[in-house]
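First up is the structure itself, then whatever we jot down about it.
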Amino acid sequence: MDKSAHYGEPKLNSLYKQLILEHYRSPRNRGVVDDPTVEVHMQNPTCGDEIHLTLRVEDGRIAEVKHEGQGCSISQAAVSMMTKLLEDRPLDDAGHLADRFTEMMHGDEEAEKDRSMGDLRALAGVSKFPVRVKCALLGFDALQEALREIGAST
Amino acid sequence: MITLADGTYDVETIRADFPALDQEVGTKPLVYLDNAATTQKPDLVLDVMDRYYERDNANVHRGIHELSRRATEAYEGARAKVAESIHASDASEVIWTRGTTESINLVAQAWGRQTLEPGDEILLSVLEHHSNLVPWQLTAAATRAQLRYIEIDDEGEWILDDLPSLVTGRTRIVALSHVSNALGTINPVERVTAYVREHAPEAVILLDGAQALAHLDIDVQALGIDAYAFSGHKAMGPTGIGGLWARRDFLERMEPWQGGGEMISVVERESSTWAAVPHKFEAGTPNIAGAVGMGAAIDYIEAIGKPAIRAHEHKVIGYAIEQLTARFGERIRIWGPSDLDRRSGVVSFSLDFAHPHDIATIVDAEGVAIRAGHHCAQLVMKRYGVPATARASFCMYNTTGDVDRLVDALGEVEALFG
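Chains A and B supply the protein sequences, listed in that same order.
With the working numbering as the guide, the letters of the first sequence map in order to residues 239 to 392.
With the working numbering as the guide, the letters of the second sequence map in order to residues 2 to 419.
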């Protein structure tokens, strides 16, 4: 049989990229920030995945960001990649990144080519697995909640 | 239709009756192992429902005309089939509902909210599906009753040594699952019932039978209970239909919970009187086609026979546990009872190298449908300190070949994550 006509395997390969598995096995910025400006606990009630996100903001920039929690490879890799990109970035950039990533999860192919998305581009294939999109978005949901809380307090 | 050659269990003939099983997912033949969520439906059920709509469709208990007579006969005939199947003494003890959840809510509202007083106790277990927890939490909040819980041990079995402290003079309702949806435990309900009858004779005992109907012979009279809730769709029937069996004296004591047509006797300006049971609890036009379909599903199950189904499933889950253990050894944790006689069709498991969601996505790509998550049983997940498990659930049409496909598909998970 022509391998390219095979439905299951190529799709699965497009989901579980090496970079995703690498972040899943060795997550970046794991832990809790000292003296956080904001902390958000986000849970996906349908599957039990949890992310505890802590951020310290200094002069309108994200000085430090860490995450704890547990979940599937997609949710954990996504939050690891997200924190890697957020370090030392202005808060405005964080909001932009969250919007861009959400667009990518909804199938926007331009977003997929956006270099500012860094490692997160490896998650583009998740958009082909609708039931897993919520896994990838969990960390960004936590980030957006954190940004709302920061916005409300300033 | 079902042909069982010389008393042997002909699983291939049974499979041929289920059109949904005969399909490919992607390029792989489907292996359907999510039967605890919902089972597939045999041609018999689909045909009976089609025929009902094509020829007999009319409202029930209202018309004088021929179609209404036929619809009523089919609807009440299905009720009688369900009643006979669970060994009820009379068909009028079976109320049609949307399913187990609605049946439990009916009792929680029509009985619980009306009769419980502050300090009264509702006894549940941590094995319960949310549908047998949340209705009681709502009732407890409204009446200031207390919730008490039977705990479970490491194998998912009730710790009955605690009963003396859990069953008190204030115990008014005991609501427990017959079979656990998360772990497959066949609960020793008779032991609890005997204890409750002796020490809290006024308590009403309700069982959640959602996971039992397709798998076990159910005798509501022998169980010594007051009420039994069940769904059609988990037992080869359609979605949106199920029932509540309850002892007639209990039904007589319970007030209606929904008002409308069908459930009344005489309506005045200020008040009304109620129809006799079961109609007192069936306001509005019911799911007639669903009831007829469920009656056909019961016919189908009974034609094969519960003992034969149980023996077949026992063999398949035994093979599943043996093969999974042989293949993954220390890397797999299979939850629930190790004694197969105390386990129904559920095999809930964790692999130490992959999250349940990743497991389910990867085996899905191999054509194998399983469930991953908390299975609407978050108290069970908390008890074992896991956020979720993977669950393969088997029924009458699954084969040892299905088990082999599952094990091979899990090998793909290991290749990626192991």
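Where is the CB? At the ideal position from N, CA and C, for every residue including glycine.
Going straight from the alpha carbon of residue i to that of residue j, what length do you get?
i	j	result
E325/A	V364/B	36 Å
D297/A	E415/B	46 Å
E314/B	R392/B	15 Å
H131/B	G100/B	14 Å
I1/B	A332/A	As displayed, chain B neither begins before 2 nor continues past 419, which places residue 1/B out of reach and without an answer.
K372/A	A315/A	13 Å
L164/B	I151/B	8 Å
A390/A	M343/A	27 Å
G246/A	T28/B	Confidence at G246/A is low in this model, with a pLDDT of 45, below 50, so the placement of that residue should be treated as unreliable; the coordinate-derived value is given next. Those two C-alpha atoms are separated by around 7 Å.
L385/A	A336/A	10 Å
Q147/B	W112/B	16 Å
H88/B	L167/B	30 Å
L381/A	T390/B	27 Å
P239/B	M50/B	9 Å
M397/B	R406/B	17 Å
S232/B	K307/B	17 Å
M2/B	M382/B	The pLDDT assigned to M2/B is 42, lower than 50, so where the model puts this residue is not dependable, and the model offers no usable value.
L361/A	A366/B	18 Å
V58/B	L45/B	The sequence as given places Asn at residue 58/B; Val does not occur at that position. Taking the straight line from one Cα to the other gives about 18 Å.
S126/B	L177/B	6 Å
L84/B	E94/B	Position check: residue 84/B holds Ala in this sequence, whereas Leu was assumed. Cα-Cα distance, rounded: 8 Å.
D48/B	N36/B	21 Å
A321/B	V369/B	14 Å
By the 10 Å Cβ neighbour count, where 16 or more other Cβ atoms means buried, how is residue i classified, buried or exposed?
i	result
K351/A	exposed
I15/B	buried
L380/B	buried
S313/A	buried
A304/B	exposed
K241/A	Confidence in K241/A is poor, its pLDDT being 39 and thus under 50, which makes the residue's placement too unreliable to answer from.
Q259/B	exposed
R80/B	buried
S354/A	exposed
D23/B	exposed
Y54/B	exposed
N251/A	exposed
H376/B	buried
I160/B	exposed
K42/B	buried
H198/A	Residue 198/A lies beyond the residue range present for chain A, which begins at 239 and ends at 392; the question has no answer from this structure.
L352/B	buried
L68/B	exposed
A243/A	Bear in mind that the predicted position of A243/A carries a pLDDT of just 39, short of 50, making it unreliable; the figure below should be weighed with that in mind. By the neighbour-count rule (16 or more Cβ atoms within 10 Å), A243/A is not buried but exposed.
On the DSSP letters alone, give me the boundaries of the alpha helix (DSSP H) that residue i sits inside.
i	result
H358/B	357–366
V369/A	368–391
L250/A	246–253
M50/B	44–52
L259/A	256–263
M255/B	Neither: M255/B is in no alpha helix (DSSP H) and is coded neither H nor E.
Y385/B	379–385
Please name the residue or residues paired with residue i in a DSSP beta bridge.
i	result
V268/B	S273/B
I302/B	Beta-bridge pairing links I302/B to no other residue.
V32/B	V369/B
F350/B	I335/B, A391/B
F418/B	BP columns for F418/B are empty, so no partner.
R268/A	H305/A
P328/A	R299/A
I151/B	S126/B
H290/A	H279/A, E306/A
R344/B	T186/B
V26/B	K29/B
G374/B	T390/B
Could you please give the first and the last residue of the uninterrupted beta strand (DSSP E) stretch that includes residue i?
i	result
R392/B	390–394
W159/B	Looking at the DSSP string, W159/B is not in any beta strand (DSSP E), and its letter there is neither H nor E.
R173/B	172–178
G78/B	Where G78/B is concerned, there is no enclosing beta strand (DSSP E), although the alpha helix (DSSP H) it sits in stretches over 67–86.
H279/A	276–281
A228/B	228–232
E247/B	Here residue 247/B is Ala; the residue named in the question, Glu, does not match the sequence. That run of the beta strand (DSSP E) goes 243–247.
W137/B	W137/B -> not in any beta strand (DSSP E); alpha helix (DSSP H) instead, spanning 135–144.
I96/B	95–98
I206/B	205–209
With residue i and residue j assumed to form a contact (beta carbons below 8 Å), what rounded beta-carbon distance in angstroms separates them?
i	j	result
W137/B	A109/B	6 Å
V317/A	H305/A	5 Å
A236/B	L214/B	4 Å
G225/B	A201/B	About 13 Å; that fails the 8 Å criterion.
At the 8 Å Cβ level, is residue i part of the contact set with chain C, yes or no?
i	result
T340/A	Looking for chain C here will not work: the only protein chains present are A and B.
Does the Cβ of residue i lie closer than 7 Å to at least one heavy atom of the ligand GTP?
i	result
I87/B	This structure simply doesn't include the ligand GTP, nor any ligand for that matter.
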